[in-house]
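J.: Here it is: the structure, laid out below.
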Amino acid sequence: MTEAAQQERADRVAVLVPAAGQGSRLGGPRKQFRRLGGRPLLEQTLRAFAFHPEVDSLVVAVPADCVARISDSLQAAGLPKRWQVVAGGRTRQASVQAALAVLPPEIDLVLVHDAVRPFILPEQISAVIEATRRVGAAALAIPETDTVRRVHDHLLGETVPRRGLYRMQTPQGFRRDWLEAAHRQQEEAATDDVELVQRLGYPVACVPGSSFNFKITTAEDWELAQVLWPHWEARLCHQSKKDT
Ligand SMILES: Nc1ccn([C@@H]2O[C@H](COP(=O)(O)OP(=O)(O)OP(=O)(O)O)[C@@H](O)[C@H]2O)c(=O)n1
Ligand SMILES: C[C@](O)(CO)[C@H](O)COP(=O)(O)O
C-alpha cells in the first residue's frame, strides 16, 4: 500500500492474538513459546501481522505468569508496530475479551488470530481486512474435503452431508463495535468470535483460507510445522523479492 493510500484510509486496524492456552492436546512445554525456525512460535505469528502495512497495532494475551517475560522478549524482537501484552483468561474467549479491553481508542477494525497459526500469508490478511471493511465481519474458511461421519462408542455412525460445510480459520475480522457488543453477551461459550457476532444477527463474509493455515494443535501438527517452516520462509522471501 502506498503512503498516500495509507493516509486516505479512514479506519485503523488492530490484531488481537490469543496466546494464553496450555497446549494440553500437544502436551509438553506450551506450544506458543516453543521455537519454530529459530524464533518462538508466538513471535513468528506476530511478525506476519507486525510487518503487514495495513495493521496499526497488536494486543497479545498470554498466561498471567508470562506477561513480564513476553513483554521483554517482544521488546527485544523489535516489532515495528505498537503492541501490548495482557494476561489472558481461562478460555480462548476470555483471552480475546481481555485483549479487547485494552484496545487503543483509535481502532475501528479488529482482527483476531490464533497465536498457533503461523502459516498465514500477507494477502490473506489483506483479504480479510478488505471483506471486513465491506461487510462488517469476515473470516477465512476452507471447504471440507473429507467425508464427515459421527462416531458413537467407537463405531462409525451417520454421515454428515459435507456440502456447504467449511472449516473455520483465523484471522477473523470485525468492526470494533460489533465485536465488543458480541463479547458483552456472555450467556454461552463459543469456540470462535464469528459465532458470538452471528448470535447478534450480523453477517460475516467467507474469505478463502488455505490448508497451510492450520492450527498447531497436536503432536502431528507440530511435526508438520517443523517440516514446513523452511519451505514457508523460502516462499515468503521469494515473494517479497518479486514484490520489490
Ligand atoms: N485460555 C486460553 C486458551 C487458548 N488460547 C489461545 O487460543 C488459540 C487456539 O487455542 P488452542 O489451539 O486450543 O490452544 P490451547 O488452548 O493452548 O490448546 P489445548 O486446547 O490443547 O490446551 C491458541 O493460540 C491459544 O494459546 C488463549 O489465548 N487462552
Ligand atoms: C478459532 C478457531 O481456530 C477456528 O477454527 C478454533 O475454533 C479454536 O478452537 P480451539 O479449540 O480453541 O483450538
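Counting from 27, one number per residue, gives the positions in the sequence shown under the working numbering.
C-beta atoms are modelled at their ideal positions from N, C-alpha and C, and glycine is treated no differently.
Quick one: residues in its chain with C-beta nearer than 6 Å to the C-beta of valine 174, no 5 flanking neighbours on either side, listed in chain order?
T.: Within the same chain, and ignoring the five residues on either side of valine 174 in sequence, the residues whose Cβ sits closer than 6 Å to its Cβ are Val186, Arg188.
J.: Quick check: is any heavy atom of ligand 1 less than 7 Å from the C-beta of serine 121?
T.: In this structure, ligand 1 has a non-hydrogen atom nearer than 7 Å to the beta-carbon of serine 121.
J.: Just checking aspartate 269 against ligand 2 - is the residue's beta carbon closer than 7 Å to any of the ligand's heavy atoms?
T.: no
J.: For glutamate 132, which of helix, strand or coil comes out of DSSP?
T.: coil
J.: Determine the direct distance from the alpha carbon of glycine 53 to that of glutamine 119, and round the result to whole angstroms.
T.: 21 Å
J.: Heavy atom of ligand 4 less than 7 Å from the Cβ of glutamine 198, yes or no?
T.: Only ligand 1 and ligand 2 can be found as ligands here, which leaves ligand 4 out of the picture.
J.: Taking only the alpha-carbon atoms, compute the straight-line gap between tryptophan 248 and proline 144 and give it to the nearest angstrom.
T.: 11 Å
J.: Is it buried or exposed, arginine 95, if we count other Cβ atoms within 10 angstroms and call 16 or more buried?
T.: exposed
J.: Unbroken beta strand (DSSP E) runs of length 3 or more, entirely within the stretch 140 to 219: which are they?
T.: Runs of the beta strand (DSSP E) inside the stretch 140 to 219: 163 to 169, 174 to 178, 181 to 186, 192 to 201.
J.: As a quick exercise: from Glu69, Phe75, Ala46, Glu80, pick the residue whose alpha carbon is nearest that of alanine 36.
T.: Among Glu69, Phe75, Ala46, Glu80, the Cα nearest to that of alanine 36 is on Glu80.
J.: Consult DSSP for valine 138 and reduce its assignment to one of helix, strand or coil.
T.: strand
J.: Rounded C-beta distance between leucine 166 and threonine 196? I'm assuming under 8 Å.
T.: 7 Å
J.: With a threshold of 16 other CB atoms inside 10 Å of the CB of valine 112, please say whether the residue is buried or exposed.
T.: By the 10 Å Cβ count, valine 112 comes out buried.
J.: How many angstroms separate the CA atom of methionine 194 from the CA atom of cysteine 232?
T.: 9 Å
J.: For glycine 54, verify whether its CB is less than 7 Å away from any heavy atom of ligand 1.
T.: no
J.: What residue range is occupied by the uninterrupted alpha helix (DSSP H) comprising leucine 126?
T.: 118 to 126
J.: So leucine 68 and glutamine 58 are supposed to be a Cβ contact under 8 Å. How far apart are they, rounded?
T.: 5 Å
J.: Go to valine 253, then tell me how far its alpha helix (DSSP H) extends in each direction, as first and last residue.
T.: 245 to 269
J.: In chain order, what are the residue ranges of uninterrupted alpha helix (DSSP H) at least 4 long that sit wholly in the stretch 77 to 104?
T.: 93 to 103
J.: Once you ignore the five residues that flank glutamate 170 on each side, which residues in its own chain have a CB closer than 8 Å to its CB?
T.: Arg188, Leu191, Tyr192, Arg193
J.: From what residue to what residue does the beta strand (DSSP E) around glutamine 58 run?
T.: Careful: glutamine 58 lies outside any beta strand (DSSP E) and carries neither H nor E.
J.: When the distance is taken between beta carbons, is tyrosine 228 closer than 8 Å to alanine 163?
T.: yes
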